[in-house]
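Participant:
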Amino acid sequence: KLCEGILNILEKDTKTSCQVACLEALRILSRDKKVLVPVTTKRNMQILMRLAKLDAVEDPLERASEFPVIVEALKCLCNIIFNSTVAQKLSLELNLAAMLCNLLEKCKDQQLVGDIKCFDLRLLFLLSLLHTDIRSQLSQELQGVQVLTQALESSLNVRWTEEYKAAEDHDRPPLSLQETDCAIEALKALFNVTLDSWNVHSKNESHQFRYMAAILRHCLLTTGPTEDKTEELH
């Protein structure tokens with residue numbers, strides 16, 4: 060009943076601070092699988108997707124005041140999808156992966172959206188891990204390899220000297236914690252999406268995998284903010 064009450068409040072047009080507080084509470088509650096059973100419905104998923112700006116296909120990410128709400132809504136969706144097979148099935152019905160790819164595109168060249176990007180990538184990783192149909196949708200319909208590779212490239216701040224050769228700057232500073240976390244989430248999602256891609260057929264696929272291989276090489280030469288994070292990245 061508590062979760063349902065929180066979602067009823069979130070459905071209304073409330074203040075940003077109230078939305079964040081409600082989402083933080085829901086995120087904690089959503090770690091319990093028993094709590095999720097009665098609230099994992101299409102309506103409630105759509106409420107969270109709206110708060111995460113996943114339904115706003117054309118609208119750019121402009122209002123920084125809304126960013127904490129988007130991040131918390133994405134965190135809630137991560138917990139719910141990880142803990143609920145019903146939510147995993149609803150994600151396919153609601154076309155959640157396509158909306159996440161669209162939000163990821165909006166994060167390009169944007170300031171202050173690192174957390175949004177990171178939890179968007181984490182959610183794509185979870186969906187591609189837990190639902191084989193969504194994994195196929197990402198790899199075949201949504202150009203998931205390209206979208207995720209570009210997200211990895213931007214997280215690693217790759218600069219190119221040739222088509223498939225990244226610049227090697229041995230004096231560059233380590234990645235920030237946020238950049239490292241984004242890169243790790245992108246790598247995990249890429250692993251899932253490319254799991255069945257052992258047989259490359261087209262010229263475009265060949266280009267995409269050579270491009271990705273160059274970024275992966277660059278990744279191995281990159282350091283994170285700590286030794287542990289560098290090891291996790293590699």
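Under my numbering, the first residue of the sequence shown is numbered 60, with each subsequent residue one higher. Don't be surprised by glycine CBs; every beta carbon is placed ideally from N, CA and C.
When burial is assigned at 16 or more other CB atoms within 10 Å of the CB, is R122 buried or exposed?
Facilitator: exposed
Participant: Any heavy atom of the ligand PLP within a distance shorter than 7 Å of the CB on S124?
Facilitator: Ligands are entirely absent from the displayed structure, and the ligand PLP is therefore not among its contents.
Participant: Quick check on E221: does DSSP put it in helix, strand or coil?
Facilitator: strand
Participant: Would you mind giving the Cβ-Cβ distance between L215 and C166, rounded to the nearest angstrom? I have them listed as a contact below 8 Å.
Facilitator: Approximately 15 Å separates the beta-carbon atoms of L215 and C166; this is outside 8 Å, ruling out the contact.
Participant: When you compare only the Cα positions, how much space is there between L133 and P97?
Facilitator: 20 Å
Participant: Any idea if L207 is buried or exposed, counting beta-carbon neighbours within 10 angstroms, 16 or more meaning buried?
Facilitator: buried
Participant: For the candidate residues A156, H190, G203, whose alpha-carbon lies nearest to that of L114?
Facilitator: In the sequence under discussion, the amino acid at residue 114 is Asp, which differs from the Leu named in the question. Checked all of A156, H190, G203; the closest Cα to D114 is A156.
Participant: Thinking Q78 and L107 are a contact (beta carbons under 8 Å), I'd like their distance in whole angstroms, please.
Facilitator: Not a contact, Cβ separation roughly 11 Å.
Participant: Within 10 angstroms of its Cβ, does R194 collect 16 or more other Cβ (buried), or is it exposed?
Facilitator: Under this definition R194 is a buried residue.
Participant: Output the distance between the C-alpha atoms of I87 and F184, rounded to the nearest integer angstrom.
Facilitator: 21 Å
Participant: Counting C-beta neighbours from all protein chains within 10 Å, is the total for G173 16 or more, i.e. buried, or is it exposed?
Facilitator: buried
Participant: Hey, would you say I175 sits closer than 8 Å to V204, going by beta carbons?
Facilitator: no
Participant: Please report the straight-line C-alpha distance between L234 and L162, rounded to a whole angstrom.
Facilitator: 23 Å
Participant: Is R276 close to chain B? Criterion is C-beta to C-beta, closer than 8 Å.
Facilitator: Given the protein chain composition of this structure (a single chain), no chain B is represented.
Participant: Suppose the cutoff is 6 Å on Cβ atoms and the five residues either side in sequence are ignored; what does the same chain contact list for N142 look like?
Facilitator: K92, L95
Participant: Under the rule that 16 or more other beta-carbon atoms within 10 Å means buried, what is T75, buried or exposed?
Facilitator: exposed
Participant: Tell me whether K71 is buried or exposed, calling it buried when 16 or more other Cβ atoms sit within 10 Å of its Cβ.
Facilitator: exposed
Participant: Assign H293 to one of three DSSP states: helix, strand, or coil.
Facilitator: coil
Participant: Applying the criterion that 16 or more other CB atoms from any shown protein chain within 10 Å of the CB defines a buried residue, is A273 buried or exposed?
Facilitator: buried
Participant: Compare the beta carbon distance of L211 and L246 with 8 Å and say whether it is the shorter of the two.
Facilitator: yes
Participant: Hey, I68 and T99 are a contact pair by Cβ (cut 8 Å); roughly how many whole angstroms apart?
Facilitator: Actually they are not in contact, since the Cβ atoms of I68 and T99 sit about 18 Å apart, beyond 8 Å.
Participant: Could you tell me the boundaries of the alpha helix (DSSP H) in which L191 lies?
Facilitator: Rather than Leu, the amino acid found at residue 191 in this sequence is Thr. T191 -> alpha helix (DSSP H) spans 191–199.
Participant: Where do the N-terminal and C-terminal ends of the alpha helix (DSSP H) with R109 fall, by residue?
Facilitator: 101–110
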